[in-house]
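Sequences listed follow chains R and D, in order.
Take 1 as the starting number for the first sequence in my numbering and just add one per residue.
Take 694 as the starting number for the second sequence in my numbering and just add one per residue.
Cβ coordinates follow ideal geometry from the N, Cα and C atoms, glycine included.
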Amino acid sequence: MKSNPLGKLIWVVVALVGAWAFGSIATHRGESINAIWFVMAAICVYLVAYRFYSAWICAKVLVLDETRATPAERFNNGRDFIPTNKWVTFGHHFAAIAGPGPLIGPTLAMQFGYLPGTIWILVGSVLGGCVQDMVIMFCSTRRNGRSLGQMARDELGPVGGWAALIGTMMIIIILIAVLGLVIVKAMQHDPWATSTVVATIPVAVLIGLYMRSIRPGRVLEGTLIGIALLIVCVVGGFWVDQTAAVRSLFDWDAKTCAWFVMIYGFAAAVLPVWLLLAPRDYLSTFLKVGVVVMLAVAIVILAPEVKMPALTEFARTGMGPIFKGDLFPFVFITVACGAISGFHALVSSGTTPKLLANEKEIRMIGYGSMAMESFVAIMAVVAASILDPGVYFAINADFGRSAEETVAMISAWGPQFQVTVDQMKALAVEMGLPSLFARTGGAPSLAVGMASIFSATFGGGLMKFWYHFAIMFEVLFILTTLDAGTRVGRFMLQDLGKHFWPSFGNVSSYPMTVLASLIFVAAWGYFLWQGVTDPQGGIRFLWPLFGISNQLLAGIALSVATGIIIKMGKLRYAWVTGLPLTWLAVVCTTAAATKVFSPNPEIGFWSGANAIADRIASGAIPADKLGDAWAQVIAFRIDAALALLFAILLWVVILDMLRMTLRFTSGRPVLPLSEAQYERTQLGGQKLSTALH
Amino acid sequence: MTPDEARARQREDEFLALLRQGGTVSSGGLFDAPEPGLRCLLPECPDPAHAVAPLPALLAEPILPARAVHPGWFVPNLLWRTLWLTWGFVRQISGDDAYERYLGHMTRMHPGRQPMTRAEHFAWRQEQKWNRLSRCC
């Protein structure tokens, strides 16, 4: 790079502004702090990390070679291997990785105050998540676009391969269950939201028919009509809410909503994709990108005040009302996708590398789009923490008490947490809801935050419409993850099952499709049901379980990446992925051990199960609740086994990687690098030849 | 079916089977030493000779294939260019112009072949998109 004094000065300024903003957030103690500080700190951190750290990794560790032909160029088949414009690839990659996780996770993590979550989102993403996405994308690109599981098998051996496969399968099951629970909690006893969501299904089918038969392939037309219809659905929901005769039809309890979600997931997996899954994805992707951009613009224009304290007392006691557990490790487990998400490794390998036209784009697409995703998480932090802290806790915590008792409990925490029943009632009326108490899961409080931001920026007085628009937006793109995940999970199940029963693996057989989908929906449906029947809202144990599984997958991906870096002869740079891996291993193991072995029945699954079993034995549970109680005992024991399994899987892969490293450093034979042969690129023509000379 | 067609069809099947199984794409020997001239593996393309394509055909597709006519002096040039580029970007990223791109691919790589219709192409693209993991948490 040419020496440029002005350029250097600009970067010094960016770094100083970032440090100043970060410092202000970290040291601020008082009434409230402006959200602009969060935006500024985040943008500067991403810019500096992208400009320096990612460039250093690309130059020194990965040694990206822009003369090397990518798989997209070598196998260009016009189908999945297509050299694509880098901004388009960036867009596809971002749309694929950006899910509901970074909105929900940080919202829940706000129970510790805004500071721990914010620090981890910023630090974790630039040192961990972005690095993971970029390095895995690089490894896959050098290996003909192979998937994470295949790379684990080729580079570490069959043990790593199996662990990655099982890990992927488990994370999909837990992910779908917890996301299902989030939308159940957002829809229950809210006829407006429920009817809107139900109405989006015929809209999707209509758009599917439009794009398939009426005007084939006209995606933009279809999507625009669809978005217009979705807005009609939100308004129609208001009418349903106001019309007593129809209202009762959609006033569903949690169990009905759970059945709806399960039937929906099953239908989307077995119906042809063009009818329901694909058109709904078009709508939700447009909505997702649109709302995220709108939120960013609105936060900058409105500059709202963040009212959540930097640290709440639950950071110290670990007895938070939303989920129990200490700041370490549970803030890292809860934030999950906003900082580092193992799931991204599945898209960064196998899907995106088949579109890259040149290796050097890996930096922008791998590192850059995760930085964007992390920025979405920062916006979720802002949207959640502009609520009065008392209101935030009244919405997100389920004490199983009456409204008066709940506000009394929350207000007793301190002067910052004051909240009254009247305040909550007024807010519920404003949002068009019967009640806002104990709407757990993170989605409703996020929607309240978003609605206040949107109505203040783009038009007041329409608060309840903004609220239900936000709920519809959240539900729509959670449903996308839910049905795409069910479909992929079904394929994976059939792939696994064919080893035991060959005809089960036949993906084109309709009975087998139905059977495999049923099994897979039943698997996540079981965990969803656990959450729905839990008297305290379910999210308190399902979200940590999901966080552990997600961080486990990140650990597997980082192990594979570290192994590859070492085998490339770059042992001295192995810390680039080794450091986040070590941290994740510590976090994941501590969290899993705590969830399994903690003697506190509120935290530990095993002691929780025993506590219920003791109550059953002592006869404290009435006879008609006995069945439910036993179901919960079994459920907690299964959860304990699962958390244990996650930790074991992670350590199997780490030890496998360490074994390989020891063999490599002591000169014994290891599996060879499975990198594809160098082939010179023919793309880029003029530009590339000038770069070379 | 000529022997060439049968050979190409068989390679196509092998390729698909490998991709679907997620198996050993590299060690299967399929890609390690590709025969010259077997780059394009479109299902409707049984002709192995086509693929010795001229270099420009392999270039990454630009965002916009052609330029729109400038409406007149009352629209600033820069604004027009920006709008036009944005529109092209939106079309490409949403897949709205996927069929046009496919036709371009067909004319360059497989002149003289019958391309799929728009509806067939749309169905084919959707099917392949949703048979893999394309959405995260």
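Cβ contact annotation for methionine 372 of chain R (same chain, cutoff 7 Å, sequence separation greater than five): Phe94, in chain order.
In summary, alanine 426 of chain R is exposed, with fewer than 16 beta-carbon neighbours lying within 10 Å of its beta-carbon over all protein chains present. In chain order, Cys830 make up the part of chain D whose C-beta sits under 7 Å from the C-beta of cysteine 337 of chain R. If you draw a straight line from the Cα of cysteine 588 of chain R to the Cα of glycine 128 of chain R, it comes to about 14 Å. Bounds of the alpha helix (DSSP H) holding valine 391 of chain R are 389-396. Residue-level contact check: arginine 774 of chain D does not touch chain R, since none of the beta carbons of chain R fall below 7 Å from its beta carbon. Boundaries of the alpha helix (DSSP H) harbouring serine 369 of chain R: 369-385, taken from the DSSP string. Counting C-beta atoms within 10 angstroms of its own C-beta, arginine 668 of chain R has fewer than 16 neighbours from the protein chains shown and is therefore classed as exposed. Non-local C-beta neighbours of alanine 611 of chain R in its own chain, meaning closer than 7 Å and more than five positions away in sequence, comprise Pro601, ordered along the chain. A residue is called buried when at least 16 other Cβ atoms come within 10 angstroms of its Cβ; serine 284 of chain R meets this threshold and is buried. The alpha-carbon separation between alanine 791 of chain D and glutamine 785 of chain D amounts to approximately 7 Å. In this chain, lysine 570 of chain R is not harboured by any alpha helix (DSSP H), its DSSP state being neither H nor E. For aspartate 80 of chain R, the residues of chain D that pass the 7 Å Cβ criterion are Gln821, in the order they occur in the chain.
Residue environment for tyrosine 467 of chain R: buried (at least 16 other C-beta atoms within 10 angstroms of its C-beta). Here isoleucine 33 of chain R is bridged, per DSSP, to R:Val306. The beta carbon of isoleucine 176 of chain R is closer than 6 Å to those of Leu482, Gly485 and Trp524 in its chain, skipping five residues each way along the sequence. Contact between the region 192-210 of chain R and the region 560-577 of chain R is absent, with fewer than three C-beta pairs closer than 8 Å. Using a Cβ-Cβ cut-off of 7 Å, tryptophan 274 of chain R is close to Ala816 and Gln819 of chain D, given in chain order. Among the CB atoms of chain R, none fall inside 7 Å of the CB of aspartate 790 of chain D. Contact fails between the region 114-123 of chain R and the region 542-557 of chain R, because fewer than three Cβ pairs, one in each stretch, are under 8 Å apart.
Close CB contacts of glutamate 361 of chain R within its chain, under the 6 Å cut and outside five residues either way in sequence, are with Lys86 (chain order). Assigned with DSSP and collapsed to three states, leucine 224 of chain R falls in helix.
When DSSP states are grouped into helix, strand and coil, arginine 680 of chain R belongs to the strand group. The beta carbon of leucine 826 of chain D sits closer than 7 Å to some beta carbon of chain R. What serine 341 of chain R touches in chain D, judged by beta-carbon distance under 9 Å, is Cys829 and Cys830, going in chain order. By the criterion of at least three beta-carbon pairs nearer than 8 Å, the region 35-46 of chain R is in contact with the region 374-389 of chain R. For threonine 84 of chain R, the pairing in a beta bridge is given by DSSP as R:Leu356.
Per DSSP, glutamate 73 of chain R is one residue of the alpha helix (DSSP H) stretching across 71-74. Valine 88 of chain R belongs to the set of residues whose beta carbon lies under 7 Å from a beta carbon in chain D.
Burial check for methionine 319 of chain R: the Cβ neighbour count within 10 Å stays below 16, so the residue is exposed.
Contact with chain R is absent for glutamine 807 of chain D, since none of that chain's Cβ atoms lies less than 7 Å from the residue's Cβ. Not a single CB atom of chain D sits nearer than 7 Å to the CB of leucine 650 of chain R.
Interface criterion not met: the Cβ of alanine 371 of chain R is under 7 Å from no Cβ in chain D. Taking C-beta separations shorter than 7 Å and ignoring five residues to either side along the sequence, the partners of serine 341 of chain R in its chain run Gly101, Gly129, Asn550 and Ala554, following chain order. Annotation note: the region 225-267 of chain R contains the following uninterrupted alpha helix (DSSP H) runs of length 4 or greater, listed N- to C-terminal: 244-250. Under the DSSP definition of a beta bridge, arginine 68 of chain R partners with R:Arg680.
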